[in-house]
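Each remark here refers to the structure printed beneath this line.
Residue numbers (the working numbering), protein chains in the order written: chain A, 347 to 650; chain B, 347 to 650; chain C, 347 to 650; chain D, 347 to 650.
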C-alpha cells in the first residue's frame, strides 16, 4: 500500500476549480496583507532579464541627471558657465554637467564656482559612485546566482517495463558541462472526490528506481515502477488518463562552473500523461565514436 | 520516557531571575573580557539598516573631505587657486577640491600646483578609490547575505489532536517565492526547582510529527504529540500554563533567489502558550481557484 | 558478486570505436540543436586563462573607443577641438577623447561643446562605468570560483595487498594548505562484447577501503580490494591488461582558503594500468623532523 | 577495544624527532618540486592582514606611477606641459599626471598632447580601472571569507567523571552572535616505539559524549569517556602524561552573519594534558539574570 505523506505544506482540502500551486517552478499562490521588503527589490533586480536590467540603469541615469539639472538650474546656471539666455540650452548643458559629475568623468570645461553649486556637485559625485557600487553588486549578484539548467520532458509516459507498468519522465542537461551529483525528489498529489462531494488531496512520495547519480552529461530517464507500493497501482489506464494528479519535483545538482548547489522545481499534471509510448534514444554515436546529444530529442516519443 | 539531552551548550543550572538566552533569534548573553575583532566591524556594517549604512557613508565622506581640506589649507591654498583672503571661502573651496579628488571627478578648475599638494592629492585619489572598493564590497555583502524570512506564530497552542494532546506552532513564508526543503529542529528546556530550592535546567529534543518538507509556499503547522515520550506528558493543563519552559528552534531552508541555505533561530516561552485553541485555516481559495495566503491570518486563533 | 548499477546516466550500449565520455574532468560529449545561453558566455569568461581574459578586456576597450571615435567624427570634430585638417590626427584625438570618457579620466583638455556631442559622451561615460562594473563582477567571479587542486597519479596499479589483489591509485594535494574532509566516489564501467557481437556497458560502484578522511596534507592512496565482491575479481592479469574499462571518479573536499566545497572529476582507463608495481613512499622526513612532500613523487612506481 | 583507523592520510611510520603535521590549524608539511599557481597568489592576498594588504596597494600604486612617469619622461615632458628644465620637477609632475590618470581623477591641468602620450595615457587609465576592479574583488573576497572564530582551551584535562575517567577540552565562541549547529570531529594519533625500535603511528576516532549541538552561545566542554572502547583506556596516569599523542580536531559550524559553513582545524598534543584538574564554570549570572561569558575563563583550571 502506498503511504500517505503527512502535512506536505499545502493543505489536504481542495475545491473544484483549484489552480496548480507550482507553475513553471514558481509559486502560483496569491498573497494578501503581505508587507513589502527590500529583499523583494533585490530579488526582482536579480531575476529580470539583462535587457530590462540595463534599461533600468539607463532610465535611472537619465532621471537622476534631469533631477540634478533642475537643481543646478535653480541654483543658477551662472554658477557653472556663462548662461546662453536660452532655457533649453542652459538646461541641457546642466544635464551634461550632471552626467559628468555622476559618472565622475568631470571634464572641467563646465565646473561649479559658487558654494551651493560646489556642495551639490560634491554630493552628486558621492551619489554617483555609491550608485555604481550598487550596480556592481547587482551585476555580480546576477551572474553568480545562476538558475539550474535542467529541461524536463513535456510528457510523462506509462509503459510496460520489466515485469510491471512504469511511469517515466526524462530530464536533460541544457548545458555542455557535466552536472555533478544530480538528485531528484518527487511527490505526487492525487485529488479525489470524497463521499460528500468535497475534494480531498492526498500526497505520496513517488518512489524512483534511482534518484541520484554521480554526474549527468546527457539525459536521464526517471522510472517509477507502478507496483503494489505505488499510489497509482490501483488505477486502470482510463482512470489514470483522467486522474486529477500533480507531480511536484525538486531537482538539485552541483554546478561546477559556479561552484554552487542549484535547485530547480518542476511540476507535471496528468494532462501531460501519454500511455503506451516510449522515449526515443537519448544519445547516438557519430562516426568518430563521440556520444551525441541532440537537444531536440528530449521530447521525442515513440508509440509502442 | 522523554530522553534528556546531554550538554546542550548552555549549562544545567539556572537562577531565579534567569533571562532567556535567545531573544528574537539573537544571543542574549553578555560577554566580558572579549577582545575586539575586525570581523565584528564587518558584521556590524552588514547587519545595520540601509538608512544607517548610507548615513555612515555620507558622514565618512564629509569627515574625510574636512580632514583633507585642513591638510590642503596647511600646505597653502595658493598651491590650488588664488586665495580669496577669506578663511571660510578658501576652506570651502579646498573641501570641494578634496571631494573632487576623493570621488575622482577632478574637474580641474581647481588643481594642485606644488609638489606637496601633488603628493597629497595623488594619495587622496588612491584613498578615494580604495574606499569605494570597500563600499562596493560591503554593498554586495549586504544584499548577498539575506536573512531568512520565516515568521513564527505569536503563540504556541495545546489542543486535542488524533488520540492525544498536541502542542503546535505555525510558521509562514514571508516572501512570495517558494522556500525549498524547509527543515525545523526544536529543543525544549524545562527549568524546575530542585529539592534544595536550586533551579535545574533539563533539555529534551522536541519530537515533531514531521520536521522537513519539500517546499513551503504558504504556512506550515508544526505538531508535537504529547504522548508518553514527550517531556510534557506528565503535566496537567495548569502545570503547563505555569511551566518555566522555553523552546529553541532552528529553522533552515534553501532560498532559491539567493542560492543559499538560510538559517533562522527562534524561541518560545510558555507565557506564549494558549490551551484549548486551534489555528485558523492557513489558506483559502479565491473565485478563480487560486490558493490565497493572508499574511494576517498567521496568528488567528479560534477557541475550541 | 559485484552489483550492477542501474541507469548511471550514460547508457548501456556502446559501439566499437566509442570515445571516452569524460576526458580531463570535462564532458567529452557532442551537442546538437543546443540553444545558446548567456550563462555560457559567463562560464566561458570565468574559465579562460587570465592572459586571454585581459586580452579581451583590452580588445573590447580598443574596439569601443574606435566605435565612439567614428561616432564623434560624424558628429564633427569641431564640436570637440579645433580640427587639424588631417583625418588621422583628428580621428586619433577623438579616440583619446573617447578613452578619457570611457574610463572617466576626463582631463578636459578636449571636451564636448555641442548638444549631440554632449549626449553621446554622457552616454559613453555610463557605458564605461557599467562595463567596469561588469569586469569587476567577472574578476571576483574568476578568483572566487577556484578549481579543485587535486592531482591524480598517471597510473592505476594492481598488486598483492594483505590477503588479496588490490587496485590502487593515488591523489595529491597540489596546494600547501590542508584539504578538509576529502571524499572520493568511484564508478567503474566495463564494456564487453555480447553474444551477438554488440558492445555492452556495465557499471559498478568501486568499493574503496576508505573513501573519506578528515584532511589531506600530502598524498592519499585509494585502495580497491579485488575480492569476491569486486567486478574485477573474475579477470586474470592478462584479461585485466586488455580490459575495456574506465573508472569515473568524483572527488570533493572543503577548500579552507575559499570556504567552499570543491569538486573534481577524473577518469582512468585501463591503458593506464600497471600490474605488479607499487607506489613509492608518499612522504619523507627531513633532518629537522618535518614531513616532506615531493610533488614529483606522485607518479613514482617501483617494480615489485 | 579501540578500533584503528585505516589510511588517515598522513602515514603510519614516524621518526624520533617528528614534527607535528598540523600547527595552529595550518599544515606543517614542507613541499618540494611544487609548481606555482595563481590561486596561491589569491590565497596569499586574502589571508594577509589588512595592514599588509593596504601596504601592498600603496606600494603597487607608487611603483606603477614611477614606471609610467619614466615612460612619459622618455616620450617627452613637453608633450604634457612646458618643461621646467629640472629633471626632478618634471619627473615629479609626470608622476602626478600618472597618478591622476591611474585613478581617473584627471584634473586636466596637465594633459597629454601628442599621439604617443595619448595612447599611453589611454592605456594607463584602462590599467588603473582594471586594477581597482581587481582590488574591489580582493576586498570582497577578504571579508566574505571569514575565519572560524573558535577558541580552544590551552589544556586537555583528565578527571573522574560519572563512573570512569574522562578526557575533556573546551571551546569558546569568540564572537557575540550564536554559532549554529557546531559539530566537532576528533582523531587521536598515538605514536609508540615498535619492537625493533622504529616509531609507529596508530590513529583512532576519538569518541565524544556529544559531538554536535544546535547552537553555541558560550562555551562547550567536549567529553571523551576513557572506557574500554577508548584507545587511552590501557594507560596509567604516568603513561598518559608521557604519551606521544596528538589529537586532530575539525570543528565546523554555520556562521549566521556570513551565511557560510566555517571550518577550523586544531590540534592538541599531550604536553598540554593536565591530570586531576577540572575546568572552571563556563558562565555566570549577573544581578539582572543575564548569562555572563567571561572570555578569560576559558582556560581557568581548578585542581580537584
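All C-beta atoms, glycine included, are put in the ideal place defined by N, C-alpha and C.
Identify each residue in the stretch 488-505 of chain D for which the Cβ-Cβ distance to at least one residue of chain B is less than 9 angstroms, and report them in chain order. 488, 489, 490, 492, 493, 495
Near-chain A residues of the stretch 435-447 of chain B - C-beta to any C-beta below 9 angstroms: 435, 438, 439, 441, 442, 444, 445, 446
Beta strand (DSSP E) segments (min. 3 residues) lying fully within the stretch 412-459 of chain C: none
Chain-ordered neighbours of residue 454/B on chain C, where CB pairs are closer than 8 angstroms: By one-based count along the second chain, residue 454/B stands at place 108. Correct list: 453, 454.
Chain-ordered neighbours of residue 480/C on chain G, where CB pairs are closer than 8 angstroms: In the structure shown, chain G cannot be found, because the protein chains are A, B, C and D.
Just checking my contact of residue 620/A with residue 641/B at CB under 8 angstroms: how many whole Å lie between their CB atoms? Here the question's residue 620/A lines up with position 274 in the first chain. Here the question's residue 641/B lines up with position 295 in the second chain. That belief does not hold up - the Cβ atoms of residue 620/A and residue 641/B are roughly 41 angstroms apart, past 8 angstroms.
Check each candidate in 477/B, 426/B, 462/B and name the one with the smallest Cα separation from residue 448/B. Position 102 of the second chain holds residue 448/B. The residue with the shortest Cα to Cα distance from residue 448/B is 477/B.
Coarse secondary structure for residue 364/C, derived from DSSP in three states: Taking the first residue of the third chain as position 1, residue 364/C is located at position 18. If DSSP states are grouped into helix, strand and coil, residue 364/C belongs with coil.
Outcome for residue 451/C when other beta-carbon atoms lying within 10 angstroms are tallied against a minimum of 16: Numbered from 1 along the third chain, position 105 holds the residue referred to as residue 451/C. Classification of residue 451/C: buried, given that the 10 Å Cβ count is 16 or more.
Taking only beta-carbon positions, decide if residue 570/B is within less than 8 angstroms of chain A. Residue 570/B sits at position 224 when you count from the first residue of the second chain. Not closer than 8 angstroms to any Cβ of chain A, the Cβ of residue 570/B fails to qualify, so no.
What are the boundary residues of the alpha helix (DSSP H) that includes residue 389/D? Counted from its first residue, the fourth chain places residue 389/D at position 43. Looking at the DSSP string, the run of the alpha helix (DSSP H) that includes residue 389/D is 384-393.
For residue 588/B, name the three-state secondary structure that DSSP assigns. Locating residue 588/B in the second chain gives position 242, counting from the first residue. It is helical.
My output table needs one value for residue 401/B: the three-state DSSP class, helix, strand or coil. Working through the second chain from its first residue, we reach residue 401/B at position 55. DSSP places residue 401/B in helix when its eight states are reduced to three.
CB contact flag (residue 653/C, residue 598/C, <8 angstroms): A question about residue 653/C goes unanswered here, because the residues of chain C that appear run from 347 up to 650.
Rounded to whole angstroms, what's the CA-CA distance from residue 455/A to residue 471/C? Just pull it up for me. As a working mapping, residue 455/A is identified with position 109 in the first chain. As a working mapping, residue 471/C is identified with position 125 in the third chain. Cα to Cα, the separation comes out at about 16 angstroms.
Helix, strand or coil for residue 462/A per DSSP? As a working note, residue 462/A is residue 116 in the first chain. Correct three-state label for residue 462/A: helix.
Establish whether the CB of residue 524/D and some CB of chain B are separated by less than 8 angstroms. As a working mapping, residue 524/D is identified with position 178 in the fourth chain. Yes, residue 524/D counts as interfacial toward chain B.
In terms of residues, what are the limits of the beta strand (DSSP E) holding residue 498/D? Residue 498/D sits at position 152 when you count from the first residue of the fourth chain. Counted as a single uninterrupted DSSP element, the beta strand (DSSP E) harbouring residue 498/D occupies residues 496-498.
Nearest CA to the CA of residue 412/A: which residue from 374/A, 434/A, 391/A, 489/A? Residue mapping note: residue 412/A aligns to position 66 of the first chain, counting from 1. If we check each option's Cα against that of residue 412/A, 434/A comes out closest.
Would you mind reading off the limits of the beta strand (DSSP E) that contains residue 649/D? One-based indexing of the fourth chain puts residue 649/D at position 303. First-last of the beta strand (DSSP E) with residue 649/D: 647-649.
Is the closest heavy atom of the ligand MN to the C-beta of residue 611/D under 7 angstroms? Ligands displayed in this structure: none; no statement on the ligand MN is therefore possible.
Skipping 5 residues on each side, what residues in its chain have a beta carbon closer than 6 angstroms to that of residue 532/A? Stepping through the first chain from its first residue, residue 532/A is reached at position 186. For residue 532/A, where only same-chain residues beyond five positions count, the Cβ hits under 6 angstroms are 552, 593, 595.
State the Cα-Cα distance for the pair residue 390/C and residue 615/D, rounded to the nearest angstrom. Here residue 390/C is taken as the residue at index 44 of the third chain, counted from 1. Here residue 615/D is taken as the residue at index 269 of the fourth chain, counted from 1. CA-CA distance, residue 390/C to residue 615/D, rounds to 48 angstroms.
Contiguous beta strand (DSSP E) assignments of at least 3 residues, all confined to the stretch 559-583 of chain C: 565-571
Boundaries of the beta strand (DSSP E) in which residue 507/D is found, first to last residue: Your numbering for residue 507/D matches position 161 in the fourth chain. First-last of the beta strand (DSSP E) with residue 507/D: 502-507.
Roughly how many angstroms lie between the CA atoms of residue 582/A and residue 493/A, to the nearest whole one? For the purposes of this step, residue 582/A is taken as residue 236 along the first chain, with counting starting at 1. For the purposes of this step, residue 493/A is taken as residue 147 along the first chain, with counting starting at 1. Distance between the alpha carbons of residue 582/A and residue 493/A is about 38 angstroms.
Contact check, residue 437/A vs residue 415/A, beta carbons under 8 angstroms: Looking up residue 437/A in the first chain gives position 91. Looking up residue 415/A in the first chain gives position 69. Yes. Within cutoff.
Between residue 474/A and residue 445/B, what straight-line distance do the alpha-carbon atoms span, to the nearest angstrom? Along the first chain, read from residue 1 onward, the residue named residue 474/A stands at position 128. Along the second chain, read from residue 1 onward, the residue named residue 445/B stands at position 99. If you take the alpha carbons of residue 474/A and residue 445/B, they lie about 13 angstroms apart.
Would you check if the stretch 480-489 of chain C and the stretch 624-634 of chain C touch, i.e. whether three or more CB-CB distances between them fall below 8 angstroms? Counting Cβ pairs under 8 angstroms, fewer than three are found: no touch.
C-beta contact flag for residue 373/D and residue 567/C at 8 angstroms: Residue 373/D sits at position 27 when you count from the first residue of the fourth chain. Residue 567/C sits at position 221 when you count from the first residue of the third chain. No, the pair does not count as a contact, with Cβ atoms beyond the cut-off.
Check the Cβ-Cβ distances between residue 303/C and every residue of chain A, and say whether any is below 8 angstroms. No answer is possible for residue 303/C: the residues shown for chain C start at 347 and end at 650.
Distance between residue 385/D and residue 625/B (C-alpha atoms, nearest Å): In the second chain, counting from the first residue as 1, residue 625/B sits at position 279. In the fourth chain, counting from the first residue as 1, residue 385/D sits at position 39. Near 55 angstroms, if we compare the C-alpha coordinates of residue 385/D and residue 625/B.
At 8 angstroms on the CB atoms, spell out the chain C contacts of residue 365/D, in chain order. Translated into the one-based positions of the fourth chain, residue 365/D becomes position 19. Correct list: 634, 635, 636, 637.
Near-chain B residues of the stretch 376-392 of chain A (beta-carbon distance less than 8 angstroms), N- to C-terminal order: Close to chain B, meaning a Cβ-Cβ distance shorter than 8 angstroms, are the following residues of the stretch 376-392 of chain A: 376, 377, 378, 379, 380, 381, 383, 384, 385, 386, 388, 389, 392.
May I ask you to report which of helix, strand or coil DSSP gives residue 599/D? Within the fourth chain, numbered from 1, the residue matching residue 599/D stands at position 253. The answer is strand: DSSP assigns residue 599/D an E or B state.
Please tell me whether residue 471/B has its Cβ less than 8 angstroms away from any Cβ of chain D. Position 125 of the second chain, counted from the start, is the residue given in the question as residue 471/B. True, the Cβ-Cβ gap to chain D drops below 8 angstroms.
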